[in-house]
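Here the structure comes first, spelled out in structure tokens, and everything after it is commentary.
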Amino acid sequence: MLYLRTFGRLTIERDGHALDGAALRRRPLTLLAFVASHGDVGVSRECVLAAFWPASDAAHARNSLKQSMFALRRELGVDVLVPGSATLRVDRRVLAVDALDLADALDRDDLPAALALYQGPFLDGVPMSGRPHLERWAERERERFAYACGRVLETMAARATASGDRAAAIAAWRRRAALDPLSGQAAAGLMRALRDAGDTTAALDHWRVHDVLVRTELGVAPDPQVVALAEALRAPAPVRASDRTPSVPRPDGRRWRPRRHVAGGMVVGIVAALVATAAVRVSAGPVLPHAEAYALRVAVLPFTVRGMPADADASLGQGVADLVSGAVHDADGWSAVPPTALLADEVVSARPRLTARESRDVARRFGAGRFILGDVVRDGARLHLAASLHDADGRVLAQAHTTAADGQLGEACAAIARALLAPRTPETRAPR
Numbered sequence: 001m002l003y004l005r006t007f008g009r010l011t012i013e014r015d016g017h018a019l020d021g022a023a024l025r026r027r028p029l030t031l032l033a034f035v036a037s038h039g040d041v042g043v044s045r046e047c048v049l050a051a052f053w054p055a056s057d058a059a060h061a062r063n064s065l066k067q068s069m070f071a072l073r074r075e076l077g078v079d080v081l082v083p084g085s086a087t088l089r090v091d092r093r094v095l096a097v098d099a100l101d102l103a104d105a106l107d108r109d110d111l112p113a114a115l116a117l118y119q120g121p122f123l124d125g126v127p128m129s130g131r132p133h134l135e136r137w138a139e140r141e142r143e144r145f146a147y148a149c150g151r152v153l154e155t156m157a158a159r160a161t162a163s164g165d166r167a168a169a170i171a172a173w174r175r176r177a178a179l180d181p182l183s184g185q186a187a188a189g190l191m192r193a194l195r196d197a198g199d200t201t202a203a204l205d206h207w208r209v210h211d212v213l214v215r216t217e218l219g220v221a222p223d224p225q226v227v228a229l230a231e232a233l234r235a236p237a238p239v240r241a242s243d244r245t246p247s248v249p250r251p252d253g254r255r256w257r258p259r260r261h262v263a264g265g266m267v268v269g270i271v272a273a274l275v276a277t278a279a280v281r282v283s284a285g286p287v288l289p290h291a292e293a294y295a296l297r298v299a300v301l302p303f304t305v306r307g308m309p310a311d312a313d314a315s316l317g318q319g320v321a322d323l324v325s326g327a328v329h330d331a332d333g334w335s336a337v338p339p340t341a342l343l344a345d346e347v348v349s350a351r352p353r354l355t356a357r358e359s360r361d362v363a364r365r366f367g368a369g370r371f372i373l374g375d376v377v378r379d380g381a382r383l384h385l386a387a388s389l390h391d392a393d394g395r396v397l398a399q400a401h402t403t404a405a406d407g408q409l410g411e412a413c414a415a416i417a418r419a420l421l422a423p424r425t426p427e428t429r430a431p432r
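Residues 1 to 432 in full-length UniProt numbering are what the sequence shown spells out, letter by letter.
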């Protein structure tokens with residue numbers, strides 16, 4: 001059985017193993033995703049031609065489509081597209097698609113299954129410049145699936161609250177807030193869940209992060225309802241010993257860095273240290289990427305934190321990893337495995353510290369020919385960062401260390417990334 005994955009990273013698999021080939025690069029797989037998104041009804045050939053070959057005349061565009069379909073058939077050994085006289089549709093007897101599976105899971109109200117399928121934004125990082133119709137379609141689908149995932153998490157949080165499972169409610173609201181950190185509804189939901197679990201301190205911590213993000217990113221004050229909730233949480237209230245609600249242990253979680261550019265080193269440092277999102281433990285299949293991109297893709301694993309309370313380790317360690325990952329992604333020619341995809345891996349989410357061998361295996365599963373391991377050491381008000389870049393066999397290629405003063409964590413993480421990537425020239429970092 002063939003399987004097309006469109007969330008997080010665009011790949012096609014056979015029996016759980018990713019396939020590679022000249023015909024299985026981004027454009028042909030994007031073509032499959034485009035046709036699949038139209039379901040059993042299919043999509044007209046004219047729409048396909050306009051989306052993928054807008055600058056070509058009709059004859060050349062039709063020939064390009066014909067060649068793409070032939071190349072897919074040759075590489076896959078089977079027709080995955082069912083041609084009609086005027087339409088194209090995916091043959092779901094031979095090709096399954098995660099986007100269609102997610103829609104099916106929602107139809108049968110299997111929320112955990114739907115959430116497990118959402119490994120990241122739809123067609124994340126797939127270039128579509130110069131094809132406006134395709135860009136608009138991808139953006140609509142991306143927003144549609146993100147919205148659906150947000151509603152799934154809200155529903156799961158509501159059901160957990162109704163059943164008295166406070167830890168599950170917090171986990172659902174954490175991930176909901178990570179999907180859209182600027183959402184007042186998500187911020188209020190997480191703050192209330194933490195308050196109900198007796199963790200007012202964590203609720204106010206999240207409020208501070210949300211307040212800084214909204215003011216920095218949008219240039220406006222947060223939602224008045226969220227402000228009122230924060231004020232109520234700050235207000236002292238006499239509590240009798242018999243009325244105290246026992247604190248529920250906070251679930252292990254990780255933060256997803258929603259944007260690559262957040263103004264101000266202090267804002268980045270706060271967000272990295274405080275925002276966390278629950279990891280969904282699913283197993284990712286092996287990915288065998290194209291050779292020219294393999295050595296330029298980096299998996300940044302959560303940093304190990306020392307000298308801090310145990311409950312702060314996960315958020316700060318993941319926050320530092322997210323900042324380094326963002327700097328790697330912004331570096332010319334390099335790309336980083338999306339943090340949300342890494343956090344969905346059952347090994348990463350279950351282990352506070354991975355060995356070099358485990359990290360190598362995780363990187364390979366996500367098609368990364370490089371991975372970064374690191375440590376964060378607290379020294380008063382300063383953080384000492386040390387990291388190493390490894391190749392696909394686990395060998396150390398470069399090492400770097402720096403110190404971050406208060407409010408300079410973002411700059412320090414960017415410096416770590418620059419130092420690790422600098423020795424890798426374009427000739428040596430990507431095998432040809």
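Every residue gets a Cβ at the ideal spot worked out from N, C-alpha and C, and that includes glycine.
When DSSP states are grouped into helix, strand and coil, Leu49 belongs to the helix group. Of the candidates Gly219, Asp332, His384 and Trp207, the residue whose Cα lies closest to the Cα of Glu231 is Trp207.
Per the coordinates, the alpha-carbon of Val320 lies some 16 Å from the alpha-carbon of Val209.
Counting only the Cα atoms, Pro132 lies some 15 Å from Glu46. Listed in chain order, the non-local C-beta contacts of Ala327 below 8 Å within the same chain comprise Cys413, Ala414, Ile416, Ala417 and Arg418, local neighbours out to five positions each way being set aside.
The beta carbons of Phe122 and Phe7 sit closer together than 8 Å.
Here Thr11 is bridged, per DSSP, to Arg5. Counted as a single uninterrupted DSSP element, the stretch harbouring Thr355 is not any alpha helix (DSSP H), since DSSP gives it neither H nor E.
For Gly333, the closest alpha carbon among the candidates Ala59, Met191 and Ala422 is that of Ala422.
At a cut-off of 4 residues, the continuous stretches assigned as alpha helix (DSSP H) that sit fully inside the UniProt domain "Bacterial transcriptional activator" (90 to 234) are 98 to 107, 111 to 117, 132 to 163, 166 to 179, 184 to 196, 200 to 217 and 224 to 234. Burial state of Ala86 is exposed, judged by a 10 Å Cβ sphere holding fewer than 16 other Cβ atoms. When His384, Arg370, Ala404 and Ala405 are compared, the shortest CA-CA separation from Leu420 is found for Arg370. Per DSSP, the beta bridge partners of Val376 are Val305 and Leu385. With at least 16 other beta carbons inside 10 angstroms of its own, Tyr3 counts as buried. Taking C-beta atoms as the reference points, Ala188 and Arg166 fail to come closer than 8 Å. Here the alpha carbons of Leu81 and Arg62 stand approximately 15 Å from one another.
Beyond the five residues adjoining it in sequence on each side, Ala368 comes within less than 7 Å, by CB distance, of Arg297, Val298, Ala299 and Val337 in the same chain, given in chain order.
Just measuring C-alpha positions, the residue of Asp79, Met156 and Gly120 sitting nearest Ala99 is Gly120. Contact annotation: the stretch 145 to 163 does not touch the stretch 29 to 41, with fewer than three C-beta pairs closer than 8 Å. Distance check between Val377 and each of Arg364, Gly317, Leu323 and Gln408 places Gly317 closest, using alpha-carbon atoms only.
A straight-line Cα-Cα distance of about 42 Å links Ala404 and Ile12. Distance from the CA of Ser183 to the CA of Ala59, rounded to the nearest whole angstrom, comes to 47 Å. Rounded to the nearest angstrom, the gap between the Cα atoms of Leu76 and Ala202 is 51 Å. The beta carbon of Ala113 lies closer than 6 Å to those of Ala105 in the same chain, with the five residues before and after it left out. Close CB contacts of Leu134 within its chain, under the 6 Å cut and outside five residues either way in sequence, are with Ala51 and Met128 (chain order).
Selection Ser64, Lys66, Val94 and Leu88 evaluated against Val78 yields Val94 as nearest (Cα-Cα). Under the three-state reduction of DSSP, Gln67 is assigned to helix. Shown here for Ser56: not one same chain residue has a beta carbon closer than 6 Å to its own, the five before and five after excluded.
For Trp137, the CB contacts under 8 Å within the same chain, skipping 5 residues up- and downstream, are Phe34, Ser37 and Ala51 in chain order. Per the DSSP secondary-structure output, Asp391 pairs in a beta bridge with Arg370. Boundaries for Arg25: no beta strand (DSSP E) harbours it, and the DSSP string shows neither H nor E there. Judged by DSSP in its simplified three-state form, Ala321 adopts helix.
A distance of 8 Å or more separates the beta carbons of Arg364 and Ala398. Out of Ala186, Leu204, Val305 and Arg140, the CA that lies nearest to the CA of Leu383 is found in Val305.
Shortest Cα-Cα distance from Ala381 to any of Gln408, Ala160, Met69 and Ser335 involves Gln408. In this structure, DSSP gives Asp40 a helical state, which the three-state scheme calls helix.
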